[in-house]
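Its first residue numbered 1, the sequence shown is counted upward by one per residue in our numbering.
Just so it is clear, CB atoms sit at the ideal spot from N, CA and C, and this is done for glycine as well.
A quick note: this is a predicted structure, and the numbers were derived from the prediction, not measured.
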Amino acid sequence: MDMEAAVDTKPRGYLPEGHVDKAGNLLQRPIAWYGHVGLGPIEVAAYPEGVVGKATLAEAEKAREGVEALLDYMVRLHDDIRAAFPPGKLPPMEEMTQRSREEIEAVIKGPLAEGGRSIYTLGYPT
1 MDMEAAVDTK PRGYLPEGHV DKAGNLLQRP IAWYGHVGLG PIEVAAYPEG VVGKATLAEA
61 EKAREGVEAL LDYMVRLHDD IRAAFPPGKL PPMEEMTQRS REEIEAVIKG PLAEGGRSIY
121 TLGYPT
């Protein structure tokens with residue numbers, strides 16, 4: 001990464017500080033950063049540079065421990081999912097939906113199989 005090309009931006013919203021939390025909900029403010037619409041600009045409009053915050057302070061080494069922990073967790077999650085649901089095994093259908101068994105089995109078959117259908121045919125709400 002060419003850090004000479006890095007630029008800083010200033011995160012902004014339309015309300016005074018104190019209402020909407022920051023990423024990660026670190027400050028425990030009343031409104032989660034992802035729980036609002038319209039209290040700030042959309043990122044692609046406000047930050048055309050493609051970064052929110054102080055990119056010039058970024059260093060790969062600062063992320064190493066967190067990235068390693070994330071990857072370790074992803075491996076654990078993968079392995080736990082594979083152990084709970086090996087190929088061909090799904091969770092109990094009647095505990096996952098109130099749709100009919102026939103409808104779900106058709107979606108599991110997929111849209112190209114005889115009697116199958118696309119998951120996108122499951123409109124919400126039904």
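When you compare only the Cα positions, how much space is there between residue i and residue j?
i: R29; j: V20; result: 6 Å
i: T97; j: P91; result: 11 Å
i: G53; j: A69; result: 23 Å
i: E105; j: G116; result: 8 Å
i: G40; j: A84; result: 41 Å
i: A5; j: M93; result: 52 Å
i: I81; j: L15; result: 42 Å
i: I42; j: P48; result: 10 Å
i: W33; j: G18; result: 11 Å
i: R99; j: E65; result: 44 Å
i: D73; j: A63; result: The sequence shown places Tyr at residue 73, not Asp. Rounded to whole angstroms, Y73 to A63 spans 15 Å at the Cα level.
i: E59; j: A23; result: 19 Å
Just verifying my parser: in three-state terms, what is the DSSP assignment at residue i?
i: V44; result: helix
Nearest chain C C-beta to residue i closer than 8 Å, yes or no?
i: E49; result: Here chain C cannot be found, since the structure has a single protein chain.
What whole-angstrom Cβ distance do residue i and residue j have, given they're in contact under 8 Å?
i: V75; j: V7; result: That belief does not hold up - the Cβ atoms of V75 and V7 are roughly 35 Å apart, past 8 Å.
i: R12; j: A55; result: Incorrect: roughly 16 Å between the Cβ atoms, too far for contact.
Report the start-end ranges of each alpha helix (DSSP H) in the region 62 to 122 that is 4 residues or longer and not cut off at the edges. 101 to 109
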